[in-house]
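Participant: For the working numbering, add 92 to where a residue sits in the sequence shown, where the first one is 1.
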Amino acid sequence: MLSLIHTKKLNIFKQLRLEEILLKNYDKPFCLINEGTSSSVILGISNVAQDLVEIEKAKKDNIPILKRFTAGGCVFVDKNTLFVTFIFSKKSLDITFFPEPILRWAESFYKKVFEVDNFKLIENDFVIDDKKIAGNAMYIKKDRFLLHTSFLMDFDDKKMKRYLKIPKIAPKYRKNRSHEKFLSSLREKYSKEDFSLKIKDILNGFFKIKDCNLSDIENRDTKFSTTYL
């Protein structure tokens, strides 16, 4: 039984802390879908803000900068980002709990969502026609993992340029492309609502689904790693 939490406009800081609660305090599997959030810059746990973020510009515009509990790159998220998070224990998903098998499982799942031949996993990203449509980050412990994916339903390349630096270490397939030439939105294919419904439809083919409300989740004195900078 997969517990499904579907929210809209949940603040990304609250979402990340919710994910930590679900990962660290529960044993059952979860899927979290969140349609949009307030504008924020999010760093991976090992990222250095000065290398990746235009910090003074973000501060001037009151854009919060967060450091999440998972690895991966730095991203700008906003109302046009759709987040999908999977959390599984070994007893609920029969795959090897290492990055490559986890990402390949997710790729096979989303291939059923997109139903296009040119959707694929390259390095840690999901791409269509070699343009990034979503980024992935994960947390793996002995018997449980979390994979969260941020989909670009749309994006503002001016804001990307304003708040994010071109990373010195980037995926090879990026080929030094600017943000607007490297990224592609899903706006012409789906609305956030339609995309969420398609994900839920495919989920029903994989798992028995139980809807779960935020009010059902207990904190249980979680020690959080997600922080504001």
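Here a beta-carbon is modelled for each residue, glycine too, at the ideal position from N, C-alpha and C.
Since we're looking at a predicted model, the values are computed, not measured.
Could you pull out every residue in the same chain whose Cβ sits closer than 7 Å to the Cβ of N311, ignoring the five residues on either side in sequence?
Facilitator: Taking the first residue of the sequence shown as 1, we reach residue 311 at position 219. Excluding sequence neighbours, N311 sits near I113.
Participant: CA-CA distance, T129 and K234?
Facilitator: Counting from 1 along the sequence shown, the entry for residue 129 is found at position 37. Counting from 1 along the sequence shown, the entry for residue 234 is found at position 142. Their backbone Cα atoms lie some 31 Å apart in a straight line.
Participant: Could you pull out every residue in the same chain whose Cβ sits closer than 6 Å to the Cβ of Q107, ignoring the five residues on either side in sequence?
Facilitator: Sequence index remark: in the sequence shown, residue 107 carries index 15 (1-based). Within its own chain, the residues whose Cβ lies closer than 6 Å to the Cβ of Q107, once the five positions on either side in sequence are excluded, are N126, listed in chain order.
Participant: Give the straight-line distance between the Cα atoms of L158 and T318, rounded to the nearest whole angstrom.
Facilitator: Within the sequence shown, numbered from 1, the residue matching residue 158 stands at position 66. Within the sequence shown, numbered from 1, the residue matching residue 318 stands at position 226. A direct Cα-Cα distance of roughly 7 Å separates L158 from T318.
Participant: Tell me which residue opens and which closes the alpha helix (DSSP H) that M252 is part of.
Facilitator: Translated into positions along the sequence shown, residue 252 becomes position 160. Taken as a continuous stretch (DSSP letters only), the alpha helix (DSSP H) holding M252 covers 249-255.
Participant: Could you name the residues of the same chain whose beta carbon sits closer than 7 Å to that of I155, not counting the 5 residues immediately before and after it, in chain order?
Facilitator: Mapped onto the sequence shown, residue 155 falls at position 63. Contacts found: S131, S132, V133, Y255.
Participant: Quick one: Cα of I258 to Cα of D143, how far?
Facilitator: Numbered from its first residue, the sequence shown carries residue 258 at position 166. Numbered from its first residue, the sequence shown carries residue 143 at position 51. When rounded, the distance between both Cα atoms is 9 Å.
Participant: Please report the distance separating the alpha-carbon of V145 from that of H240.
Facilitator: Position 53 of the sequence shown holds residue 145. Position 148 of the sequence shown holds residue 240. Looking at the two C-alpha atoms, the distance is approximately 21 Å.
Participant: Under the rule that 16 or more other beta-carbon atoms within 10 Å means buried, what is I179, buried or exposed?
Facilitator: Here residue 179 refers to the residue found at position 87 of the sequence shown. Looking at its Cβ environment, which holds 16 or more other Cβ atoms inside 10 Å, I179 is buried.
Participant: For the beta strand (DSSP E) containing R236, name the first residue and the last one.
Facilitator: For the purposes of this step, residue 236 is taken as residue 144 along the sequence shown, with counting starting at 1. Taken as a continuous stretch (DSSP letters only), the beta strand (DSSP E) holding R236 covers 236-244.
Participant: Grab the span of the alpha helix (DSSP H) containing Y202 for me, first residue to last.
Facilitator: As a position in the sequence shown, residue 202 is number 110, starting the count at 1. Membership of Y202 in the alpha helix (DSSP H) is indicated by the continuous run 191-206.
Participant: From which residue to which residue does the alpha helix (DSSP H) around G297 run?
Facilitator: Your numbering for residue 297 matches position 205 in the sequence shown. Where G297 is concerned, the enclosing alpha helix (DSSP H) stretches over 284-298.
Participant: Please report the distance separating the alpha-carbon of L278 from that of F175.
Facilitator: For the purposes of this step, residue 278 is identified with residue 186 of the sequence shown, where counting begins at 1. For the purposes of this step, residue 175 is identified with residue 83 of the sequence shown, where counting begins at 1. Going from the Cα of L278 to the Cα of F175 covers about 13 Å.
Participant: Are P263 and E215 close, meaning C-beta to C-beta below 9 Å?
Facilitator: Locating residue 263 in the sequence shown gives position 171, where the first residue counts as 1. Locating residue 215 in the sequence shown gives position 123, where the first residue counts as 1. It is a contact, given that the beta carbons lie within the stated cut-off.
Participant: According to DSSP, simplified to helix, strand and coil, what is S307?
Facilitator: As a position in the sequence shown, residue 307 is number 215, starting the count at 1. It is helical.
Participant: When burial is assigned at 16 or more other CB atoms within 10 Å of the CB, is D217 buried or exposed?
Facilitator: For the purposes of this step, residue 217 is identified with residue 125 of the sequence shown, where counting begins at 1. Buried, since its Cβ has 16 or more Cβ neighbours within 10 Å.
Participant: For a quick check, are the C-beta atoms of K203 and F211 less than 9 Å apart?
Facilitator: Here residue 203 corresponds to residue number 111 of the sequence shown, with the count starting at 1. Here residue 211 corresponds to residue number 119 of the sequence shown, with the count starting at 1. The answer is yes: Cβ separation under 9 Å.
Participant: Can you tell me the Cα-Cα spacing of H271 and F316, whole angstroms?
Facilitator: Residue 271 sits at position 179 when you count from the first residue of the sequence shown. Residue 316 sits at position 224 when you count from the first residue of the sequence shown. C-alpha separation (whole angstroms): 31 Å.
Participant: Please go through the same chain and pick out, in chain order, the residues whose beta-carbon is closer than 6 Å to the beta-carbon of D341, but skip the five residues on each side of it.
Facilitator: The first residue shown for the chain is 93 and the last is 321, placing residue 341 beyond what the model contains.
Participant: Indicate the three-state DSSP secondary structure (helix, strand or coil) for K233 in the structure shown.
Facilitator: Indexing the sequence shown from 1 puts residue 233 at position 141. Reduced to three states, the DSSP call for K233 is strand.
Participant: Could you tell me the alpha carbon to alpha carbon distance between A163 and S242, rounded to whole angstroms?
Facilitator: In the sequence shown, counting from the first residue as 1, residue 163 sits at position 71. In the sequence shown, counting from the first residue as 1, residue 242 sits at position 150. Computed Cα separation, rounded: 14 Å.
Participant: Rounded to a whole number of angstroms, what is the C-alpha to C-alpha distance between K183 and S276?
Facilitator: Taking the first residue of the sequence shown as 1, we reach residue 183 at position 91. Taking the first residue of the sequence shown as 1, we reach residue 276 at position 184. Cα to Cα, the separation comes out at about 36 Å.
Participant: What number of angstroms, rounded off, separates the C-alpha of R266 from the C-alpha of F274?
Facilitator: Here the question's residue 266 lines up with position 174 in the sequence shown. Here the question's residue 274 lines up with position 182 in the sequence shown. Going by the C-alpha atoms only, they are around 6 Å apart.
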